[in-house]
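Working notes, structure below.
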Amino acid sequence: MKRKNTYLEFISLGFILMITLSLRVNGQSATMVYAAKSGRNVDIWKCDINGRQRVKLTSYSGPDYTPTISPDGKTIAYTTYEYGGHRIALMSTDGSNKRRLLPQSEGYNLDPSWSPDGSEIAYFTNYRGYWQIFKYNLLTKQKTRLSDIGNTSERSPAFSPDGKKIAFQSIRDGNWEIYVMNTDGSNHKRLTNNKFDDFRPSWSPDGSKIVFGSRNNNQMDIYIIKADGSGLKNLTNGKPQVLPGNGESHKDDMSPVFTPDGKLIIWSSGMLGKGVDIYSMKPDGSDLKKFIATQADEGYPAFSK
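FYI, the numbering for the sequence shown is 1 to 305, going by my numbering.
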């Protein structure tokens, strides 16, 4: 129960401005969303890949974060305080038609993940004093609990590209580790076995690998592992390094995702108060570059498929 309140190692960065950008991936138009904090302002915007032609999508003055785009590219699901604490909301990608996903009586619900066919959203919620993973069917309006034990916390579900698995983080064995399960909640399998905490898994487009953030000795790094649990590799070297563009050593690397073509991993890195920006690297950890950098602190990147 006490550990569940440690969620928001990620919220602690204060990412509270969401932006969407258009880019080209393998000649196809794609959309990227991410969260960012600029001063004390909280807004949702869209713009082009250069940060131009910005259009304000919301005027709410509380945090919006963990955005994710539906498979058809028409809807953004995200976590917001607009409806009283952590709640998942939906809106069209032009910022219209904002609405709460679940009734107010459902309590806090966070960190949405779309199923590949767009019919379901996985998320975690407060269930009998613990964070537990559920999924919600947008057609039937039915929710299903996927966590298979009650006295532990589990968070950050992520559907696999084929829709057969969900990766997530669980503290059932004493610290946060990465697990996978079937989308009906069966066959929970532990992938990582570390003395440190692992967070926010995300799949490669072909479903063969999972990237995640891992905290060791107050240092967050990006790791990659095969979907069967083999081949664990630290991609950001396990030690502070000088980031291109600002000359500062990083403190936290988090929220990694693959680009839709699988050629790059995008993640946020930096030190709060000294600049948190979005970076890119190849899946082997090479060719690290600054990807998005503004006066805001940016994080929680996500792509349309």
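Each residue gets a CB set at the ideal place from its N, CA and C atoms; glycine is no exception. Computed from a prediction, not measured in an experiment: that's the story for all the values here.
Contacts around residue i, its chain only, beta-carbon distance under 8 Å, and the 5 residues preceding and following it disregarded
i: isoleucine 121; result: Ala77, Ile88, Leu101, Pro112, Ser113, Trp114, Ser115, Lys135, Tyr136, Leu138
i: glycine 150; result: Tyr127, Arg128, Tyr130, Gln132
i: glycine 84; result: Gln104
i: asparagine 193; result: Glu177
i: asparagine 217; result: Phe196
i: threonine 68; result: Val33, Ile76, Ala77, Tyr78, Pro112, Ser113, Trp114, Ala302
Integer-rounded CB distance, given that residue j should sit under 8 Å from residue i
i: threonine 183; j: glycine 207; result: Rounded, the Cβ-Cβ distance is 13 Å, inconsistent with contact.
i: lysine 74; j: serine 96; result: Incorrect: roughly 11 Å between the Cβ atoms, too far for contact.
i: serine 255; j: arginine 200; result: 6 Å
i: alanine 158; j: serine 202; result: 6 Å
i: isoleucine 292; j: tyrosine 34; result: 7 Å
i: histidine 32; j: proline 205; result: Reading the sequence as shown, one finds methionine at residue 32 and not histidine. No, methionine 32 and proline 205 are not in contact; Cβ-Cβ is about 14 Å, not under 8 Å.
Secondary structure of residue i, DSSP reduced to three states
i: glutamate 82; result: coil
i: glutamine 169; result: strand
i: serine 304; result: coil
i: glutamine 104; result: helix
i: tyrosine 60; result: coil
i: tryptophan 176; result: coil
i: serine 147; result: coil
i: asparagine 216; result: strand
i: glycine 270; result: strand
i: phenylalanine 196; result: coil
i: aspartate 297; result: strand
i: aspartate 117; result: coil
i: aspartate 287; result: coil
i: glutamine 334; result: Outside the displayed range of the chain (1 to 305) lies residue 334, so it cannot be described from this structure.
i: arginine 314; result: This structure leaves residue 314 out entirely; the chain is present only between 1 and 305.
i: threonine 152; result: coil
i: lysine 37; result: strand
i: aspartate 94; result: coil
i: leucine 264; result: coil
i: arginine 52; result: In this prediction, arginine 52 has a pLDDT of 48, which is less than 50 and means its spatial position is unreliable; nothing more can be read from the coordinates.
i: serine 204; result: coil
i: serine 230; result: coil
i: leucine 110; result: strand
i: valine 25; result: Here the model assigns valine 25 a pLDDT of 49, short of 50, so the residue's position is not dependable and the matter cannot be decided.
i: aspartate 184; result: coil
i: aspartate 162; result: coil
Proximal residues to residue i (C-beta, below 6 Å), its chain only, five neighbours per side dropped
i: arginine 155; result: Phe124, Trp131, Gln169
i: arginine 215; result: Phe196, Asp197
i: leucine 232; result: Ile225
i: tyrosine 264; result: The sequence given here places leucine at residue 264; tyrosine does not occur at that position. The residues are Ser280.
i: histidine 86; result: Thr79, Tyr108, Leu110
i: methionine 1; result: The pLDDT assigned to methionine 1 is 39, lower than 50, so where the model puts this residue is not dependable; a value taken from the coordinates is nonetheless given after this. Correct list, in chain order: Gly129.
i: alanine 167; result: Ala158, Val180, Pro201, Ile210
Chain B within 8 Å of residue i, Cβ atoms only
i: proline 67; result: Structure shown: chain B not included; a single protein chain is present.
Local Cβ density within 10 Å of residue i, reported as buried at 16 or more and exposed below that
i: glycine 245; result: Here glycine 245 scores only 47 on pLDDT, less than 50, and its place in the model should not be relied on; the value that follows carries that caveat. By the neighbour-count rule (16 or more Cβ atoms within 10 Å), glycine 245 is not buried but exposed.
i: threonine 310; result: With the chain covering only 1 through 305, there is no way to say anything about residue 310.
i: asparagine 109; result: buried
i: serine 286; result: exposed
i: lysine 289; result: exposed
i: aspartate 284; result: exposed
i: threonine 140; result: exposed
i: serine 59; result: exposed
i: glycine 307; result: The chain is shown only over 1 to 305; residue 307 falls outside these bounds and no answer can be derived.
i: alanine 30; result: buried
i: aspartate 261; result: exposed
i: lysine 165; result: buried
i: aspartate 228; result: exposed
i: aspartate 173; result: exposed
i: aspartate 277; result: buried
Residues near residue i by beta carbon distance below 7 Å, same chain, minus five either side
i: glycine 118; result: Ser70, Pro71, Asp72
i: aspartate 253; result: Gly213, Met220, Asp221, Ile222, Thr236, Trp267, Ser269
i: glutamate 82; result: Tyr60, Gly62, Ala89
For the pair the segment 179-196 and the segment 140-147, tell me if three or more CB-CB distances fall below 8 Å.
yes
Any chance the segment 64-71 sits against the segment 282-297, with 3 or more Cβ pairs inside 8 Å?
no
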